[in-house]
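Everything on this sheet refers to the single structure shown next.
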Amino acid sequence: MPRIVITHKVKDVENWLKFKAERAQSLSPFAHHVTDHVAMDGSNNVAITADVTDMAAAQASMTNPSPEMVATMEKHGVIQPLQAHIEK
400 MPRIVITHKV KDVENWLKFK AERAQSLSPF AHHVTDHVAM DGSNNVAITA
450 DVTDMAAAQA SMTNPSPEMV ATMEKHGVIQ PLQAHIEK
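Residue numbers (this note's numbering): 400 to 487.
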């Protein structure tokens, strides 16, 4: 099962961290074992790692997110662009 790493900036790290469970739920249709990471330098850079169960759905969500996913990202303070990396 491939592991994905998604990196991006957020408006407020502490606010973003409050939505950990909601973020995992929003990714659950195509990933599990969602883990949040924050930058050690105290910046607003964050990362999410997850085990991908449906790569096609994960890619579709990254390239053309649903209105629900867009609303979730906005609520969490996500700043575009997102970068995705796949474990090989």
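Cβ atoms here follow ideal geometry from the backbone N, Cα and C, with glycine treated the same way. None of these values were measured; they are calculated from a predicted model.
Item, Value
"Determine the DSSP secondary structure at proline 466, reduced to helix, strand or coil.", "helix"
"What is the rounded straight-line gap between the Cα of serine 425 and the Cα of isoleucine 478?", "17 Å"
"Can you tell me whether lysine 487 is helix, strand or coil according to DSSP?", "coil"
"I need the DSSP call for asparagine 444, collapsed to helix, strand or coil.", "strand"
"Tell me which residues share the same chain as aspartate 450 and place their Cβ nearer than 7 Å to its Cβ, disregarding the 5 neighbours each side in the sequence.", "Met400, Arg402, Ala430, His431 and His432"
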